[in-house]
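Notes follow the structure.
Number of protein chains: 2
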Amino acid sequence: RPSRVAVVVKTTRYEFEQQRYRYAGLSEEDLKQLLALKGSNYAGLLERHRIHTKNVEHIVDSLRNEGIEVRLVKRREYNEETVRWADAVISAGGDGTMLLAASKVFDKFKPVIGVNTDPERSEGHLCLPVRYTHSFPEALQKLYRGEFRWQWRQRIRLYLEGTGINPTPVDLHEQQLSQEQHSRAHINERFQDQRSDISGPHLLPVRALNEVFIGESLSSRYAMCSVLFRENFKSCKPSFKFSLHRASYYEISVDDGPWEKQKSSGLNVCTGTGSKAWSYNINKVANQAVEEILKIAKKHGSLNMPLNMELVQKVTNDYNESLLYSPEEPKMFFSIREPIVNRVFSSSRQRGFSSKVCVRSRCWDACMVVDGGTSFEFNDGAIASIMIDTEDALCTVLLEE
Amino acid sequence: RPSRVAVVVKTTRYEFEQQRYRYAGLSEEDLKQLLALKGSNYAGLLERHRIHTKNVEHIVDSLRNEGIEVRLVKRREYNEETVRWADAVISAGGDGTMLLAASKVFDKFKPVIGVNTDPERSEGHLCLPVRYTHSFPEALQKLYRGEFRWQWRQRIRLYLEGTGINPTPVDLHEQQLSQEQHSRAHINERFQDQRSDISGPHLLPVRALNEVFIGESLSSRYAMCSVLFRENFKSCKPSFKFSLHRASYYEISVDDGPWEKQKSSGLNVCTGTGSKAWSYNINKVANQAVEEILKIAKKHGSLNMPLNMELVQKVTNDYNESLLYSPEEPKMFFSIREPIVNRVFSSSRQRGFSSKVCVRSRCWDACMVVDGGTSFEFNDGAIASIMIDTEDALCTVLLEE
Chain G
-7 RPSRVAVVVK
3 TTRYEFEQQR
13 YRYAGLSEED
23 LKQLLALKGS
33 NYAGLLERHR
43 IHTKNVEHIV
53 DSLRNEGIEV
63 RLVKRREYNE
73 ETVRWADAVI
83 SAGGDGTMLL
93 AASKVFDKFK
103 PVIGVNTDPE
113 RSEGHLCLPV
123 RYTHSFPEAL
133 QKLYRGEFRW
143 QWRQRIRLYL
153 EGTGINPTPV
163 DLHEQQLSQE
173 QHSRAHINER
183 FQDQRSDISG
193 PHLLPVRALN
203 EVFIGESLSS
213 RYAMCSVLFR
223 ENFKSCKPSF
233 KFSLHRASYY
243 EISVDDGPWE
253 KQKSSGLNVC
263 TGTGSKAWSY
273 NINKVANQAV
283 EEILKIAKKH
293 GSLNMPLNME
303 LVQKVTNDYN
313 ESLLYSPEEP
323 KMFFSIREPI
333 VNRVFSSSRQ
343 RGFSSKVCVR
353 SRCWDACMVV
363 DGGTSFEFND
373 GAIASIMIDT
383 EDALCTVLLE
393 E
Chain A
-7 RPSRVAVVVK
3 TTRYEFEQQR
13 YRYAGLSEED
23 LKQLLALKGS
33 NYAGLLERHR
43 IHTKNVEHIV
53 DSLRNEGIEV
63 RLVKRREYNE
73 ETVRWADAVI
83 SAGGDGTMLL
93 AASKVFDKFK
103 PVIGVNTDPE
113 RSEGHLCLPV
123 RYTHSFPEAL
133 QKLYRGEFRW
143 QWRQRIRLYL
153 EGTGINPTPV
163 DLHEQQLSQE
173 QHSRAHINER
183 FQDQRSDISG
193 PHLLPVRALN
203 EVFIGESLSS
213 RYAMCSVLFR
223 ENFKSCKPSF
233 KFSLHRASYY
243 EISVDDGPWE
253 KQKSSGLNVC
263 TGTGSKAWSY
273 NINKVANQAV
283 EEILKIAKKH
293 GSLNMPLNME
303 LVQKVTNDYN
313 ESLLYSPEEP
323 KMFFSIREPI
333 VNRVFSSSRQ
343 RGFSSKVCVR
353 SRCWDACMVV
363 DGGTSFEFND
373 GAIASIMIDT
383 EDALCTVLLE
393 E
């Protein structure tokens, strides 16, 4: 029975647009015009925003009715202090908000529970079943009566070492709204006080609930200022420009095996939780592909059964299901995204389960991004060790429908 | 026998680093330090730069020895005027430089020929066989003696229509070096003179030799200023921040078929030339996946032959080869990148050949990027028609080894 609960609230698209246009000193009326100009539906945005707000109020009221002290926090206000204060954290939004809420919780006994505040529009794999969005008191009663199961979702930890590394995280959401710019003077002044750069291994101050992605970015400005602004990286607000298909060069070692040079559109290392997310979309096969593959096998005289849609569907499902595993299993699944194989670059194993993945960057302007929300520069000379420690597990609950 | 040839020269990584650090007012010595700090090898960069420069000189000398007038142009200097002036265009670099050289040539009888100036490090699929890099006079003689075959590489043209569209191209390379920023004042002033926005269809001033990619970007600043700065978009220098896996929403119609809602990491539509490039990496299957698929089929009792590596390899090769087709075939191949399938979004056909693809954007901050070099905003309300017109073919030559 928690006495203090922090409710982390999603920033709706409506609020986001409002904020970013306010940066430009525009009025609500201007905002309407701008959205119209972009062909976007102002009324629709406002409607989704209202639905979300209503659902948040329902959650907060239900908690207060139980005599629970509630703190409502937005992305920007959510910090370690709030987490220390709370006995439990509830995320009110979608999976993105759940990832945010989890990102600051390092205590494996402090429950984090997700409530999907826009079930019609978002999936909410990490949230309670949709019905509890509208009947949250019922969820509370079940929790009180112990009619649930604890679930410890394994998370990934990262160590960074090598030359030219910078263990300072950058918040990709914050940074989206930034308008700040760094002048030449600014850069030169900063350039005077460089620190030395041989260091590590640093345990990075984040845990990945879904995945870690390593890939090349296109931002020359980012690369430069990340080098120049080590001591107060945040103030630099680099712009991330992720390449569409600029290749990433790196060396990879799986489970302390030999290092292998690779070139690809990036590397994804996920948890069981993340195996249902981006990793799944990277690796799943389509009926169409399976059908073509089996047709070819048939042509080579190795299929005796007539190729029917039923078989294709069965094979497709079995294959795709083999990509999923329990969030509680302390193992990772890595996948090379769009590997480039040529005379220089092999790619013997493009995916697989692993307990440890080490990556040596050969990139120019690369980033290591955790759950799509926090980024670290990862350039030539840096080495990342990616692994699971059961101490990092996230405590959450399972309620049946 | 051309009397005037324009040689389009690659900007080497060394030059690129030089330029971008010069923006920060840094000296050559500072540059060395910065690259060292990033763990990059200054000497190595300089070495590649020298090799490239040597090879360019060889090409230019060979041309001048034949009494041909030569204009050496860098990316920034290369324009329509140069193309009009030249009887033929030679790209001296890698595939990227070839794409740049081709991008300004709309005359299907003006040959564009690629020479790979760093064969040890780059593939150069679009370039002459590597040996001619060092013996360019021999290539010239063969051309003069007619010992070659003309090759017309088909290209994609784009029409843009709808609300809030902006047919102004943005050069992604240029823009990488930009330091410009737009103040609030600037934005508001601009905001006064908006143009109306119902328009189209516009034939866009580019032709895709490799592919057209449509995907969501993460740049709020870009979206805003692209709306605000229609009349002189270039001066706005928006920053592109391509999302790692932010989903793109759009509707697609293939060969004038029904519209289908989709959600994915983007859409790639390529030519035969591009079928060997990014599209291939998106669609090819790995031995590992084929092996697992055949194992599953075997489990379902439909494989009679023992599963050996030879069969797996054969099936894999056949499947992957089926993804490639001739640059001269006037057809396109589309692929949905990492499609997201759920109760809302179907994805019946994830890839296939097509003569016409229409896409209606439901994106917030999306872009349509041509050959990874030129980008157009493509937000909610915009409709793109993607097709091949044989009039747009690029004239190039085939020389055997």
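Chains G and A supply the protein sequences, listed in that same order.
Read left to right, the first sequence gives residues -7 to 393 (this note's numbering).
Read left to right, the second sequence gives residues -7 to 393 (this note's numbering).
C-beta atoms are modelled at their ideal positions from N, C-alpha and C, and glycine is treated no differently.
- For A:Asn57, the closest C-alpha among the options A:Val277, A:Leu23 and A:Val(-3) is that of A:Val(-3).
- For A:Gly85, the uninterrupted beta strand (DSSP E) segment begins and ends at Ala80 to Gly85.
- In terms of beta-carbon proximity, G:Arg343 lines the interface with chain A, with at least one pair separated by less than 8 Å.
- In the three-state scheme derived from DSSP, where H, G and I count as helix and E and B as strand, A:Lys323 is classed as coil.
- Checking the DSSP bridge columns, you'll see A:Trp144 partnered with A:Cys387.
- Under the Cβ distance rule, A:Pro331 counts among the residues neighbouring chain G, one pair being separated by less than 8 Å.
- Under the DSSP assignment, A:Asn309 falls in the alpha helix (DSSP H) whose first and last residues are Met301 to Glu313.
- Between A:Ala84 and G:Leu286 the beta-carbon gap is near 46 Å, outside 8 Å, which marks them as no contact.
- Interface criterion not met: the Cβ of G:Leu38 is under 8 Å from no Cβ in chain A.
- Counting other Cβ atoms within 10 Å of its Cβ, G:Met301 stays below 16 and is therefore classed as exposed.
- Rounded to the nearest angstrom, the Cβ distance from G:Lys66 to G:Thr3 is 6 Å, consistent with a contact under 8 Å.
- For A:Trp142, the CB contacts under 7 Å within the same chain, skipping 5 residues up- and downstream, are Cys387 and Val389 in chain order.
- Contact with chain A is found for G:Gln280, since one of that chain's Cβ atoms lies less than 8 Å from the residue's Cβ.
- Around the Cβ of A:Gln342, a 10 Å sphere holds 16 or more other Cβ atoms; the residue is buried.
- Counting the other CB atoms within 10 Å of its CB gives G:Tyr136 a total below 16, which places it among the exposed residues.
- By the Cβ neighbour-count rule, A:Glu330 is buried, with 16 or more other Cβ atoms within 10 Å of its own.
- When DSSP states are grouped into helix, strand and coil, G:Asp163 belongs to the strand group.
- G:Ser257 reaches chain A at Trp270, Asn273 and Ile274, counting residues in chain order whose Cβ is nearer than 9 Å.
- For G:Val104, there are no C-beta contacts with chain A under 7 Å, since the nearest C-beta of that chain is about 22 Å from it.
- In this model, A:Val204 and G:Ser54 are separated by some 51 Å (Cα to Cα).
- At a cut-off of 8 Å between C-beta atoms, G:Glu284 counts as an interface residue with respect to chain A.
- Straight-line spacing of the CA atoms in A:Lys255 and A:Ile206 works out to 12 Å.
- Among the residues of chain G, those whose CB is under 9 Å from the CB of A:Ser314 are Glu284 and Ile288, following chain order.
- Ranking G:Ala385, G:Met324 and G:Cys355 by CA distance to the CA of G:Met379 puts G:Met324 first.
- Between G:His41 and chain A, the shortest Cβ-Cβ separation is not below 8 Å.
- Contact with chain G is absent for A:Leu390, since none of that chain's Cβ atoms lies less than 8 Å from the residue's Cβ.
- By the Cβ neighbour-count rule, G:Trp77 is exposed, with fewer than 16 other Cβ atoms within 10 Å of its own.
- Interface criterion not met: the Cβ of G:His44 is under 8 Å from no Cβ in chain A.
- Within the same chain, Pro(-6), Val(-3) and Pro103 come within 6 Å of A:Ala80 by CB-CB distance, once the 5 residues on both sides are set aside.
- Under the 10 Å beta carbon count, G:Leu315 is surrounded by 16 or more other beta carbons and is classified as buried.
- The DSSP-derived three-state label of G:Gln342 is coil.
- What G:Tyr311 touches in chain A, judged by beta-carbon distance under 7 Å, is Glu284, Ile285 and Ile288, going in chain order.
- The Cβ atoms of G:Asn273 and G:Ser327 lie no closer than 8 Å to each other.
- Your pair A:Arg147 and A:Leu201 checks out as a contact, with CB atoms roughly 5 Å apart and the cut at 8 Å.
- The CB of A:Leu23 never comes closer than 8 Å to any CB in chain G; the least such distance is about 11 Å.
- Note on geometry: alpha-carbon atoms of A:Gly373 and A:Val351 lie some 10 Å from one another.
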